[in-house]
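One line per chain: the protein sequences are A and B, in this order. Each residue of the first sequence is one higher than the one before, counting from 5 in our numbering. Each residue of the second sequence is one higher than the one before, counting from 441 in our numbering. A virtual CB, placed ideally from N, CA and C, is assigned to each residue, including glycine. Here the structure is a predicted model, which means the values were calculated and not measured.
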Amino acid sequence: MQVNSASEILRVLERNLRDNPKFLIAGLGVTDPKGVFGTTLGLEEKYGSKRVLETPTSENAMTGVGVGIAISGYRPLMIHQRLDFFLLAMDQLVNSAAKWHFMFGSQQSVPLTIRLITGRGWGQGPTHSQNLHSWFSHIPGLKVVMPSFASEIAGLLQASIDDPNPVVFIEDRWIHNLSVEANDSRIDQSIQLGKANICHSGNDITVVSSGYMSVEALKAVSFLAKHNVSAELIDLRTIKPLDLDTILYSVKKTKNLIVVDSGNEIASFGKEIIANVAMAIDVPLANPPRLVSLPDVPEPTSHGVIGEYRVSATKIALSIIEILCVDTPHDLIKKLTPFKEDVPDSSFTGPF
Amino acid sequence: MRAELDLERLYRVALRIRLVESRIAELYPEGKMRCPVHLSIGQEIPSAIFEQVKLPGDTAISTHRAHAHYLAMGGDLPRMIAEIYGKVTGCSKGRGGSMHLIDIEKGFLGSSAIVGNSIPVGVGVGYTKMLSEDGGVSFIFLGDGAVEEGAFYESANFAAVHRLPIVFILENNLYSVYTNLGPRQPTSRSLSELAAVIGLKSEKAEDSNFQDTFMKMQTLATYARNRMGPTLLEISTYRKLEHCGPNDDDNLGYRLERETKEFKDVDLVQRLEVLTGKSSQEKKKISAVLNQEIESAFEFAETSSFPSYVEASEGVYAS
């Protein structure tokens, strides 16, 4: 039997509601018939409307309410179905949640988890698809988690809930459908925040990615492995804290670096990694490092142009072979992205 | 619960706040308190009345102008002064300054430099009081400027939906920094009526009417305490010094003549002295005792160490 990431999230939330009377979840839609892409379905019936809290459309105040709940000895988890709406909550995220522990002399911590879902489906466009993990990583006091695979999402979510600090947990909408065998031993492993995972070993080039980009990157490096290109893929899992050691160790070996970032290129987290490598590494790279990310352009809505805009396995694979100057058939690489770039697989029929 | 306002106590608490704030203003030019200070001189009464309404188990959260609220909640004075001096013995270990005061033991859960920022946090605290049924009330201090922030509306709305045990104490001092209410809000709209429409049981009082302010605050606190729903008390009050800093600011010429006559030149602490029938000798004696306490708080601050940078930087994340 297979389980997918959405059902894994539901399983973790259910387990915490069951085991910890101080755990509660809140968000617009947590009790609605769709249950935040299925990740909160049935929880209100079991645990009541006070701990499975439907909220007004008040992102900023509700984040502050979460801080107030967290400093009172509870463990709140708040959910936003689109990251873009959460931009209304920047005051409470940056000035309250992130700084509370520091600015009040480390007397109160804020164990608040914030699930943010990034859109990628049909025509999500300029204000429903933004990947702003780089913003959040800039703020001292926050941790930023970007799950990729179904086998790890439970471990990462549990670690975020258990962390005594505010954690921004960013889910690309397309990871929800990824699946794993229900009896896979990895699904209940505990994962330490700040520890990256090498999900494909290789010697020629290091590919660093996070979130859904790791899914695309894995397709790319797995394909290239069959064509004698040995790429090492590091899935960051958490971008803050950042596991720089694992990156440096790999780059020292491969002497080539590509960073894949699902955000816009300027001041991106991808460049943070490249800068860190440039400052820390004591061996010269064989080629200039490369960033594969979105241009300095908002996402266009039209599905006629989205393919050119988004980062896909094809783009990642092409970048790798370009750096390494290897000759791999382009027509095969194009087949890496068999669907239009506005669907994750043939089962996706929109609209959200 | 106190049935009647204790005027003697009101006088002593208000005078203590006045003397603390005056001493800060006096010593500020020495340049040892190097952070913004928003003094409560002129606005002592709402806090001093609150001091008689709060009960054990209550919590309070406040704004950039937090000194009076902190002291009324029983916050530790030496640690407040040390915080303003940037010392490691400060209530926030010198990381917060005047605008980020806290005394958890006394239920004073924090104050914020961003207008409206602490309101939802206080509502979250109120939500857990509803969950835990511990009987306490979450008091949230705010000013007239905060009512213009979306955070106030959003928070009041949520509090009303869940009938949370929260009392908003809205000190209306007419100004956001140096801007009068005129260009900020429709003149015909009352803040307490606005709050009532959102769903908070609301009253309006004037700080110069001690008895009435006390009775209304007491009634609204009892209402919230009995889990009837959130409440709001708007109290007209007036700041006598500049928005931020130790000085008189008449030179700026922004105050209306009427305000100067009716509010700035009226000293409610002095009025309490008269009302409680203090002889000048008694007055001196009370002030002397308070001043001694204040001097030792300043000495504590002066003689404390600065925090180490390493210790401060290690305090970003909880472990």
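Look at the Cβ atom of Ser-502/B, then the Cβ atom of Leu-541/B, and state whether they are nearer than 9 Å.
-> In contact: Ser-502/B and Leu-541/B (Cβ atoms closer than 9 Å).
With 9 Å set as the bound, which would you pick, yes or no: does the beta-carbon of Gln-96/A sit closer than that to a beta-carbon of chain B?
-> yes
Look at Glu-49/A and Arg-119/A and say whether their C-beta atoms are less than 9 Å apart.
-> no
Exposure label - Gln-6/A; buried when at least 16 CB within 10 Å | exposed
Segments assigned beta strand (DSSP E), at least 3 residues, entirely inside the stretch 604 to 648 of chain B = 606 to 612 and 641 to 646
State the start and end residues of the unbroken beta strand (DSSP E) segment that holds Val-56/A.
-> 56 to 58
Whose C-beta lies closer than 7 Å to the C-beta of Met-231/A among residues of the same chain, with five residues either side of it excluded?
-> Sequence check: residue 231/A is His here, not Met. Excluding positions up to five away in sequence, the list reads Thr-332.
Looking at C-alpha atoms only, which residue of Pro-486/B, Tyr-525/B, Arg-695/B and Ser-759/B is the closest neighbour of Tyr-618/B?
-> Distance from the Cα of Tyr-618/B is smallest, within the candidate group Pro-486/B, Tyr-525/B, Arg-695/B and Ser-759/B, for Arg-695/B.
Hey, is the stretch 196 to 205 of chain A in contact with the stretch 452 to 463 of chain B, meaning 3+ C-beta pairs nearer than 8 Å?
-> no
Mind checking which residues open and close the beta strand (DSSP E) that includes Phe-27/A?
-> 27 to 31 is the span of the beta strand (DSSP E), which, as asked, contains Phe-27/A.
Count the other CB atoms within 10 Å of the CB of Phe-579/B; is the residue buried (16 or more) or exposed (fewer)?
-> buried
Between which two residues does the beta strand (DSSP E) harbouring Gly-550/B extend?
-> 548 to 551 is the extent of the beta strand (DSSP E) around Gly-550/B.
Is Tyr-78/A close to chain C, meaning its C-beta is less than 9 Å from at least one C-beta of that chain?
-> Absent here is chain C; the protein component of the structure consists of chains A and B.
Cβ distance (whole Å) where Lys-644/B is taken to contact Glu-674/B below 8 Å | At roughly 5 Å, the Cβ-Cβ gap stays under 8 Å, so Lys-644/B and Glu-674/B are in contact.
When you compare each of Gln-483/B, Pro-476/B, Glu-466/B and Glu-470/B to Ser-676/B by their alpha carbons, which one comes out closest?
-> Gln-483/B
When the distance is taken between beta carbons, is Ala-317/A closer than 9 Å to Glu-236/A?
-> no
Can you tell me which of the three DSSP states Ser-155/A falls into?
-> Here Ser-155/A sits in helix by DSSP.
How would you call Arg-629/B, buried or exposed, if buried means at least 16 neighbouring beta carbons within 10 angstroms?
-> By the neighbour-count rule (16 or more Cβ atoms within 10 Å), Arg-629/B is not buried but exposed.
Where Leu-87/A and Val-98/A are concerned, what is the direct C-alpha to C-alpha distance, given to the nearest angstrom?
-> 15 Å
Gly-583/B (DSSP reduced to helix, strand or coil) = strand
When the Cα atoms are used, what is the spatial distance from Gly-311/A to Pro-302/A?
-> 14 Å
Measure how close the beta-carbons of Ile-285/A and Ile-157/A come, nearest whole angstrom, since I'm counting them as under 8 Å.
-> No, Ile-285/A and Ile-157/A are not in contact; Cβ-Cβ is about 31 Å, not under 8 Å.
Listed by chain order, chain B residues near Ile-73/A by CB distance under 7 Å | What Ile-73/A touches in chain B: Gly-564, Tyr-567 and Thr-568.
Entirely enclosed beta strand (DSSP E) segments - the stretch 87 to 130 of chain A, minimum 3 residues | 117 to 122
Is the Cβ of Gln-112/A closer than 9 Å to any Cβ of chain B?
-> yes
Nearest neighbour of Lys-472/B, chosen from Ile-524/B, Ala-635/B and Gln-658/B [CA to CA] = It is Ile-524/B whose Cα lies nearest to the Cα of Lys-472/B.
Can you check whether the CB of Gly-562/B is closer than 9 Å to the CB of Ala-500/B?
-> yes
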